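Numbering (the working numbering), first residue to last: 43 to 384.
A quick write-up on the structure given underneath.
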Ligand code: GLY
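Quick look at the structure:
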């Protein structure tokens with residue numbers, strides 16, 4: 043097991059990379075401990091859970107609501123959760139986001155940790171301190187920045203992931219490499235087959251390198267005022283497409299990255315060759331690089347982006363592979379980016 047740290051104003055977080063779920067109990071020193079999970083994860087791994095109370099929440103983006111948070115508060119009350127209790131979310135990004143929000147608001151903040159069970163959650167969604175729920179059609183509109191006390195990353199949990207979920211996670215892996223780690227990008231180009239078949243040495247290096255970069259960036263800029271915005275590469279167009287075309291997050295981010303890479307090339311920041319390498323790598327992981335869309339609907343969704351300030355948006359472009367920069371760009375300029383996806 044190797045560990046990484048985030049030192050944030052909202053708390054410290056230890057990321058245990060390669061630690062088995064079976065050792066969860068040894069990392070929580072409380073008399074009352076509660077797991078928040080969902081039905082699928084419980085069916086697969088419930089036998090490995092320590093003997094704590096379990097709260098189940100619903101599956102899918104439709105459960106990422108204040109109503110679900112309400113049901114968690116009610117369960118906290120039933121289980122007599124108090125300030126000395128410890129809450130652990132075991133599940134994908136959705137479970138971690140919702141449970142993190144419930145734990146960081148109940149009694150003005152309980153101690154909590156995460157055991158992410160998907161690749162997407164292990165490399166991205168469980169780490170960084172942002173939590174929250176959707177509201178009135180806006181993604182992650184309500185939430186807090188609160189660091190989980192720990193994130194326990196057990197690679198063995200990835201073995202039961204359906205293939206589309208695995209590919210979904212590789213979109214965030216590729217994003218991380220593209221914005222800040224050119225060596226990891228080359229490693230992915232060389233080892234994509236081993237990565238997709240979860241070869242232990244390959245997957246360990248990939249997850250560790252992604253987490254190392256994320257921890258570095260979040261420690262520098264926890265509240266996303268500058269450096270951290272680079273991690274949103276591909277997400278502006280991606281979120282709009284996710285909503286309008288009902289794609290998986292990773293598929294939408296893949297398309298968003300293609301659009302942003304092409305826009306970067308058009309502006310002379312990124313070579314055409316490097317933009318092509320990004321598309322080629324996404325294709326190797328069977329992520330989409332072209333799509334049909336109703337451009338008007340996508341434009342409408344872009345206008346609802348919460349990162350928008352008046353008619354501009356903080357958009358992440360590339361100066362090269364492994365080198366991102368954030369620039370304000372006009373929303374109308376995103377039309378060019380959308381055209382590139384057809
Ligand atoms: N919870 C994900 C992040 O903070 O980036």
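The C-beta atom is built at its ideal place from N, Cα and C for all residues, glycine as well.
The structure presented is a predicted model; accordingly, all values stated were derived computationally and were not measured.
Given 8 angstroms as the limit, is there contact between the segment 289–307 and the segment 274–281, that is, 3 or more CB pairs closer than that? yes
beta-carbon residue 173 near ligand 1 non-hydrogen atom, thresh 8 angstroms: Numbered from its first residue, the chain shown carries residue 173 at position 131. It does: the Cβ of residue 173 is within 8 angstroms (strictly closer) of some heavy atom of ligand 1.
At which residues does the beta strand (DSSP E) containing residue 208 begin and terminate? To locate residue 208, count along the chain shown from 1; it is residue 166. Careful: residue 208 lies outside any beta strand (DSSP E), inside the alpha helix (DSSP H) at 205–222.
Unbroken stretches of the alpha helix (DSSP H), 4 residues or longer, contained in the segment 44–124: 81–87, 108–120
To the nearest angstrom, report how far apart residue 169 and residue 374 are at their CA atoms. Translated into the one-based positions of the chain shown, residue 169 becomes position 127. Translated into the one-based positions of the chain shown, residue 374 becomes position 332. Distance between the alpha carbons of residue 169 and residue 374: 33 angstroms.
Which term fits residue 372, buried or exposed, when burial requires 16 or more other beta carbons within 10 angstroms of its beta carbon? As a working note, residue 372 is residue 330 in the chain shown. Exposed is the call here.
Which term fits residue 103, buried or exposed, when burial requires 16 or more other beta carbons within 10 angstroms of its beta carbon? As a working mapping, residue 103 is identified with position 61 in the chain shown. Exposed.
Whole-angstrom Cβ separation of residue 28 and residue 75, contact assumed at under 8 angstroms? Past the boundaries of the shown model lies residue 28; the chain is included only from 43 to 384, so the question cannot be answered.
Look at the alpha carbon of residue 296 and the alpha carbon of residue 329, and state the distance between them as a whole number of angstroms. Your numbering for residue 296 matches position 254 in the chain shown. Your numbering for residue 329 matches position 287 in the chain shown. Whole-angstrom Cα-Cα distance: 6 angstroms.
Residue 66 and residue 106 - do their beta-carbons sit closer together than 9 angstroms? Residue 106 sits at position 64 when you count from the first residue of the chain shown. Residue 66 sits at position 24 when you count from the first residue of the chain shown. Cβ distance not < 9 angstroms, so residue 106 and residue 66 don't count as in contact.
Can you tell me where the alpha helix (DSSP H) with residue 340 in it begins and where it stops? As a first step, residue 340 must be located in the chain shown, where it is residue number 298. 337–345 is the extent of the alpha helix (DSSP H) around residue 340.
Which of the three DSSP states is assigned to residue 172 in this structure? Position 130 of the chain shown, counting from 1, holds the residue named residue 172. If DSSP states are grouped into helix, strand and coil, residue 172 belongs with the strands.
Verify the contact flag: residue 106, CB atom, against every heavy atom of ligand 1, threshold strictly below 8 angstroms. Within the chain shown, the letter at position 64 stands for residue 106. Outside the cutoff, so no.
Between the CA atoms of residue 284 and residue 274 - distance to the nearest angstrom: Here residue 274 refers to the residue found at position 232 when the chain shown is read from its first residue. Here residue 284 refers to the residue found at position 242 when the chain shown is read from its first residue. Residue 274 and residue 284: Cα-Cα distance of roughly 14 angstroms.
Buried/exposed call for residue 146, threshold 16 Cβ in 10 Å: Stepping through the chain shown from its first residue, residue 146 is reached at position 104. That one is buried.
For residue 151, which of 164, 346, 173, 203 has the nearest alpha-carbon? Looking up residue 151 in the chain shown gives position 109. Residue 151 has its Cα closest to that of 173, out of 164, 346, 173, 203.
Can you pull the DSSP bridge partners for residue 279? Taking the first residue of the chain shown as position 1, residue 279 is located at position 237. DSSP output for residue 279 lists no bridge partner at all.
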